[in-house]
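Encoded as structure tokens, the structure appears first; notes follow it.
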Amino acid sequence: MNPGQRRSRNRGADYMVTALEALTALVALVYVVSGDVVMLIVWEAIAAGYLLGGLALTWHRSVHGRQTPPRTGVLDALSWIFPLVASLVGVNAALLAITVPAPVDGSRAGYTFTGVVAAVGIILSWQLLHTGFAQIYESMQHRHPRQPGLEFPRTDTPGLADYLYFAFTVGTSFATSDTSVTTVRTRWVVLLHSVVSFFYNALVVAVAIQIIQQIAGA
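As numbered in the numbering used here, residues 57 to 274 make up the sequence shown, in order.
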């Protein structure tokens with residue numbers, strides 16, 4: 057495959073992932089407004105496809121030493137919208153899990169199904185939340201190449217895999233691990249990410265675990 061064909065193929069993959077990202081955000085907004093369980097299931101299917109497709113593309117590029125093209129314009133703005141939409145879906149799914157009526161006729165099929173759907177939605181939204189922040193960090197690095205806000209040890213040209221590592225580290229441990237945060241603007245984003253992650257983990261994820269335990273003990 058010549059370089060032109062490779063670039064065309066990479067652009068095609070980027071367009072597909074971007075289309076899935078936009079569709080994920082759009083369906084998420086429809087679900088948040090409507091509160092329809094069917095829309096939540098549709099959103100979960102699209103979100104899972106987006107995560108799996110993005111993970112496969114990131115892994116492929118990481119193995120072959122290829123960089124992800126910088127996100128500019130609309131894609132840059134979408135990076136900031138994505139975590140917000142994902143967190144809203146998680147909150148709505150948690151409310152669905154809390155407010156689902158307990159069975160009164162001895163049949164738990166509908167109760168269990170709704171609980172599982174809500175729990176899956178919470179888990180997917182948690183993953184999308186940190187994936188969105190990873191894209192924000194990457195976008196900020198490309199926007200200010202002379203003053204990178206993050207410095208990864210022994211990595212001169214970090215890729216999306218590095219930003220995913222950093223974002224999920226912040227989201228799970230509220231620490232930056234071995235990565236140095238070198239600018240004030242990036243520290244503000246890390247602070248926001250940490251605060252959102254704390255409340256999300258404390259409230260939404262805790263509800264998902266509680267629902268799973270209730271279903272398992274039924």
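Glycine included, each C-beta is placed from N, C-alpha and C at the ideal position.
Closest Cα partner of residue i within the set the options
i      : options                        : result
His200 : Met72, Ala112, Arg241, Thr74   : Arg241
Leu111 : Pro209, Thr238, Thr187         : Thr187
Phe138 : Asn148, Ala103, Leu108         : Ala103
Phe16  : Phe255, Ala175, Ile154, Thr211 : Only positions 57 to 274 of the chain appear in this structure, which leaves residue 16 out of reach.
Ile265 : Gln203, Arg210, Ala153         : Ala153
Asp92  : Ile267, Gly177, Ser143, Val263 : Gly177
Val172 : Ala150, Leu185, Gln183         : Ala150
Leu248 : Val260, Ala101, Leu140, Thr80  : Leu140
Ser253 : Phe169, Thr228, Thr232         : Thr228
Whole-angstrom C-beta distance between residue j and residue i, which should lie under 8 Å
i      : j      : result
Ser195 : Val226 : Wrong, their Cβ atoms sit about 16 Å apart, outside the cutoff.
Thr114 : Leu216 : 5 Å
Leu185 : Ser143 : 5 Å
Where residue i sits in the DSSP three-state scheme
i      : result
Ser250 : helix
Ser233 : coil
Contacting residues, own chain, Cβ-Cβ under 6 Å from residue i (five flanking each side not counted)
i      : result
Phe208 : Pro214, Asp218, Thr235
Ala258 : none
Gly60  : Here the model assigns Gly60 a pLDDT of 47, short of 50, so the residue's position is not dependable and the matter cannot be decided.
Test item: CB-CB of residue i and residue j under 8 Å
i      : j      : result
Asn148 : Val88  : yes
Thr239 : Gln197 : no
Neighbourhood of residue i by C-beta, 8 Å cutoff - its chain only, sequence neighbours within 5 removed
i      : result
Tyr193 : Gly205, Leu206, Tyr219, Phe222, Ala223, Thr242, Val245
Own chain partners of residue i with C-beta closer than 7 Å, once the 5 adjacent residues on each side are dropped
i      : result
Val237 : Gly205, Leu206, Arg243, Val246
Val145 : Ala84, Tyr87, Val88, Trp99, Gly177, Ser181
Val261 : Ile178, Trp182
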